[in-house]
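These notes concern the structure reproduced below.
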Amino acid sequence: MMRARRVYVGADLERLYADYLTHLALRAAELGMPISADDSLFVNLQRPPFLAALREGTVRDKIDALKRRGLGPKDWSAHWFRHSHATALLLAGTADWVVSRRLGHAHVQTTLDLYGWVSEDEALRAAANWKTYTAGWRTEHDR
2 MMRARRVYVG
12 ADLERLYADY
22 LTHLALRAAE
32 LGMPISADDS
42 LFVNLQRPPF
52 LAALREGTVR
62 DKIDALKRRG
72 LGPKDWSAHW
82 FRHSHATALL
92 LAGTADWVVS
102 RRLGHAHVQT
112 TLDLYGWVSE
122 DEALRAAANW
132 KTYTAGWRTE
142 HDR
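Following this line, the structure appears as structure tokens:
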């Protein structure tokens, strides 16, 4: 169930996206093929059928080629990016409901079921290192 949602991105990703759209428009012009806002976004730019939507198999082939070249973590997949992004957001202190909305989960509980261990793990690590967090605190005795 795909539903439209707004996703906010940083300036670096926005620039990369703008570069991609420019490349896409130039490639379409080279091929003499029209493009419109209703066309697929991620398309074949280098091989036929040109400007056709990328198939899942095409993405998998690209990932397999990168793996054969030794690029990326062991046993990674395209879905790995989704998991690593969610984990990074939670470790950075992003609210669960924000991560849930960004991932497109219908319910925040889905996010908690999949990624709750991230926040829990970090909280338990902080509790284990409590002396580090309290080392600079002054006590009545210190005054």
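131 is the number that the working numbering gives to position 130 of the sequence shown; each next residue is one higher, with no gaps. Glycine included, every Cβ here is placed at the ideal spot set by N, Cα and C.
| Check | Outcome |
| --- | --- |
| Relative to the C-alpha of Thr-23, which residue among Thr-88, Leu-42 and Ala-87 is closest? | Leu-42 |
| Figure out for me which residue from Leu-113, Gly-71, Trp-131 and Trp-77 has the closest Cα to the Cα of Ala-87. | Leu-113 |
| From Val-109 to Ser-101, what does the alpha carbon distance come to, in whole angstroms? | 5 Å |
| Nearest by alpha-carbon distance to Leu-90: which of Ser-120, Arg-126 and Thr-133 is it? | Ser-120 |
| Identify whether Ala-5 lies in helix, strand or coil by the three-state DSSP scheme. | coil |
| Pick out whichever of Tyr-9, Arg-70, Arg-103 and Leu-67 has its Cα sitting closest to the Cα of His-84. | Arg-103 |
| Short of 8 Å in beta carbon distance, which residues of its chain neighbour Val-44, apart from the five on each side in sequence? Order them along the chain. | Leu-25, Phe-51, Leu-52, Ala-53, Ala-54 and Leu-55 |
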